[in-house]
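Reviewing the structure listed below.
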Amino acid sequence: MKTQRTRKKSFNLSLASFRRNANGATRLAAFLVGLAFLGSPIVEATVEKGAKLQGSKLQDDTSLLRFTTHKAIKWSSADFDPSTYEHPTGNPTRLKFKAAGDYFISLTAPIVEGPNGNNGKRSQQEFVIAKNGTVLDVGAARSTYIRHDSGHGESSGHTAVLLRGISANDYIEIMTKRVHNQNHHDTFLGLSTLFVEKVESSRTIFSGTATRTVAGTNLNGNAVSPLQWTAGAKDSGFTHSDSSNSQNVTLDAAGKYMVYVNVPLDGTPQRSSVKMMIKLNGTQVAG
Numbered sequence: 000m001k002t003q004r005t006r007k008k009s010f011n012l013s014l015a016s017f018r019r020n021a022n023g024a025t026r027l028a029a030f031l032v033g034l035a036f037l038g039s040p041i042v043e044a045t046v047e048k049g050a051k052l053q054g055s056k057l058q059d060d061t062s063l064l065r066f067t068t069h070k071a072i073k074w075s076s077a078d079f080d081p082s083t084y085e086h087p088t089g090n091p092t093r094l095k096f097k098a099a100g101d102y103f104i105s106l107t108a109p110i111v112e113g114p115n116g117n118n119g120k121r122s123q124q125e126f127v128i129a130k131n132g133t134v135l136d137v138g139a140a141r142s143t144y145i146r147h148d149s150g151h152g153e154s155s156g157h158t159a160v161l162l163r164g165i166s167a168n169d170y171i172e173i174m175t176k177r178v179h180n181q182n183h184h185d186t187f188l189g190l191s192t193l194f195v196e197k198v199e200s201s202r203t204i205f206s207g208t209a210t211r212t213v214a215g216t217n218l219n220g221n222a223v224s225p226l227q228w229t230a231g232a233k234d235s236g237f238t239h240s241d242s243s244n245s246q247n248v249t250l251d252a253a254g255k256y257m258v259y260v261n262v263p264l265d266g267t268p269q270r271s272s273v274k275m276m277i278k279l280n281g282t283q284v285a286g
């Protein structure tokens with residue numbers, strides 16, 4: 000049976016910032032991963048070549064997040080495919096890889112304020128991925144701002160990223176610390192979840208990183224501008240150029256695509272808020 004071939008489609012991500020401080024600059028280091036298909040059969044409640052870890056304590060068995068030096072999350076429960084992973088009893092902050100390859104990483108880490116408030120002082124936490132003890136430059140989660148006023152006392156850190164070139168016996172940890180200039184307020188870690196899945200070589204994927212939009216590195220403006228991508232992994236099935244119209248990623252075949260984007264920001268503006276949207280053939284994707 001022949002199937003009808005549809006014309007190629009392209010998508011890009013655009014950012015707009017709604018600003019309070021027009022002179023401040025907001026910078027980013029962004030990560031995009033597009034997967035033609037991500038999913039695996041279930042075997043005895045464990046995803047084949049997948050791992051799910053949960054924990055609400057840190058390496059020192061506390062949950063207080065008021066510190067400025069990285070500590071690792073301690074995983075108290077672990078459900079994983081033993082052919083692909085190991086969760087060492089003596090190192091419960093680590094997830095060890097038994098097989099080389101590319102891995103998809105997803106994290107959710109809730110935060111709640113303590114009973115002692117100080118209105119007018121804010122807090123912000125970061126969650127980063129460390130491989131073999133070294134913090135990576137992709138996958139940071141920093142959208143954790145808590146105002147500690149007007150009923151705003153909870154937040155969470157999230158990331159979804161592709162880690163390429165993992166070797167057998169490598170291990171990862173999720174590290175966290177306070178990144179706000181003023182280390183005020185007690186905040187506590189909630190039940191955090193780490194999901195990891197090995198991406199088989201047969202899957203069609205594209206991943207890329209970005210440090211600017213077409214308009215520039217300052218996102219603190221009202222004009223919409225797409226991110227410019229440098230490809231990290233590009234399988235046959237995606238068309239992309241790092242040097243020409245790098246904001247566009249062309250999908251070579253019709254189908255359903257899963258897209259994750261992580262955009263950690265930093266800068267000096269007060270209360271700036273960046274809007275992100277995914278566009279397909281120039282039209283914003285609904286949802």
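Numbering that gives the first Met the number 0 numbers the first residue of the sequence shown as 0 and each following residue consecutively. Quick reminder that beta carbons are idealized off the backbone N, C-alpha and C, glycines included.
Here's the rule I'm using: 16 or more other beta-carbon atoms within 10 Å means buried, otherwise exposed. How should L63 be labelled? On the sequence shown, residue 63 is found 64 positions in, with the first residue counted as 1. Exposed: under 16 other Cβ atoms inside 10 Å.
Bridge partners of R177, per DSSP? Here the question's residue 177 lines up with position 178 in the sequence shown. Partner(s): Q124.
I277 versus K255: straight-line alpha-carbon distance, rounded: What you label residue 277 is simply residue 278 of the sequence shown in a count that begins at 1. What you label residue 255 is simply residue 256 of the sequence shown in a count that begins at 1. So the two alpha carbons sit approximately 15 Å from each other.
Runs of 3 residues minimum, wholly inside the stretch 222 to 255: which ones carry the beta strand (DSSP E) assignment? 229 to 233 and 248 to 250
The stretch 130 to 138 / the stretch 75 to 94 touching (three or more Cβ pairs under 8 Å): no
Uninterrupted beta strand (DSSP E) stretches inside the stretch 44 to 86 (no shorter than 3 residues): 49 to 54, 70 to 73 and 76 to 79
Shortest alpha-carbon distance to S240 belongs to which of L250, T229 and D234? Counting from 1 along the sequence shown, the entry for residue 240 is found at position 241. Here the closest residue by C-alpha is T229.
Just list the beta strand (DSSP E) runs in the stretch 130 to 182, keeping only unbroken ones of 3 residues or longer that don't cross its boundaries, in chain order. 153 to 165 and 170 to 177
With DSSP as the reference, identify every bridge partner of S105, one or two as the case may be. Taking the sequence shown and counting its residues from 1, the one referred to as residue 105 is at position 106. Note: S105 sits in a beta bridge opposite A159 and F194.
Simplified DSSP assignment, three categories, for A209: Along the sequence shown, one-based indexing puts residue 209 at 210. Residue state, collapsed to three classes: strand.
Between the Cα of T186 and those of G113, T249 and S243, spot the shortest distance and give me the residue it belongs to. Here residue 186 is taken as the residue at index 187 of the sequence shown, counted from 1. Here the closest residue by C-alpha is G113.
If I measure Cβ to Cβ from S76 and keep anything under 8 Å in the same chain, skipping five residues before and after, which residues do I get? Mapped onto the sequence shown, residue 76 falls at position 77. For S76, where only same-chain residues beyond five positions count, the Cβ hits under 8 Å are L52, Q53 and G54.
Quick one, which of N219, L162 and K70 has its alpha-carbon nearest T135's? For the purposes of this step, residue 135 is taken as the residue at position 136 of the sequence shown. The residue asked about is misnamed: residue 135 is Leu in this sequence, not Thr. L135 has its Cα closest to that of L162, out of N219, L162 and K70.
Flag this pair as touching only if the stretch 149 to 157 and the stretch 89 to 97 have three or more C-beta atom pairs under 8 Å; answer yes or no. no
Enumerate in chain order the residues of its own chain whose CB-to-CB distance from V111 is below 8 Å, with the five nearest sequence positions on each side excluded. The residue labelled residue 111 in the question sits at position 112 within the sequence shown. Same-chain partners within the cutoff: G152, E153, T186, F187 and G189.
Can you name, in chain order, every residue of its own chain whose Cβ lies under 8 Å from the Cβ of W74, other than the five neighbours on each side? The residue given as residue 74 occupies position 75 in the sequence shown. So the qualifying residues of the chain are L52, Q53, G54, H86, P91, T92, L94 and L193.
Could you tell me which of K274, S191 and L57 sits nearest to L226, measuring between CA atoms? For the purposes of this step, residue 226 is identified with residue 227 of the sequence shown, where counting begins at 1. The candidate whose alpha carbon is nearest that of L226 is K274.
Considering only C-alpha positions, which residue in the set S200, G220 and H179 is nearest to S235? Numbered from 1 along the sequence shown, position 236 holds the residue referred to as residue 235. For the residues S200, G220 and H179, the minimum Cα distance to S235 belongs to S200.
Cut-off 7 Å between Cβ atoms - residues of its own chain near F66, not counting five sequence neighbours on either side: Stepping through the sequence shown from its first residue, residue 66 is reached at position 67. These residues qualify, in order along the chain: K176 and R177.
Leaving out five residues on either side along the sequence, give the residues of the same chain with a beta carbon under 7 Å from the beta carbon of K48. One-based indexing of the sequence shown puts residue 48 at position 49. The answer, listed in chain order, is S39, D80, T83, E196 and K197.
Is DSSP giving N280 helix, strand or coil here? In the sequence shown, residue 280 corresponds to position 281, counting from 1. Of the three classes helix, strand and coil, the one that applies to N280 here is coil, per DSSP.
Cα-Cα separation between S242 and L250, rounded to whole angstroms: Looking up residue 242 in the sequence shown gives position 243. Looking up residue 250 in the sequence shown gives position 251. Between S242 and L250, the C-alpha separation is close to 18 Å.
Range covered by the beta strand (DSSP E) that runs through D265: Start at 1 with the first residue of the sequence shown, and residue 265 comes out as number 266. L264 to G266 is the extent of the beta strand (DSSP E) around D265.
Specify the secondary structure class of H184 as computed by DSSP and reduced to three states. Translated into the one-based positions of the sequence shown, residue 184 becomes position 185. Of the three classes helix, strand and coil, the one that applies to H184 here is coil, per DSSP.
Check whether the Cβ atoms of I173 and A71 sit closer than 9 Å, and answer yes or no. The residue you call residue 173 lines up with position 174 of the sequence shown. The residue you call residue 71 lines up with position 72 of the sequence shown. In this structure, A71 lies closer than 9 Å to I173 by Cβ.
List the residues that DSSP assigns as beta-bridge partners of G100. Your numbering for residue 100 matches position 101 in the sequence shown. DSSP, once it has assigned bridges, lists I165 as partnering G100.
Would you tell me roughly how many angstroms separate the C-alpha atoms of Q269 and G89, rounded to the nearest one? In the sequence shown, residue 269 corresponds to position 270, counting from 1. In the sequence shown, residue 89 corresponds to position 90, counting from 1. Each residue's alpha carbon lies about 43 Å from the other.
Can you tell which of Q283, S206 and G220 has its C-alpha closest to the C-alpha of A232? The residue given as residue 232 occupies position 233 in the sequence shown. A232 has its Cα closest to that of S206, out of Q283, S206 and G220.
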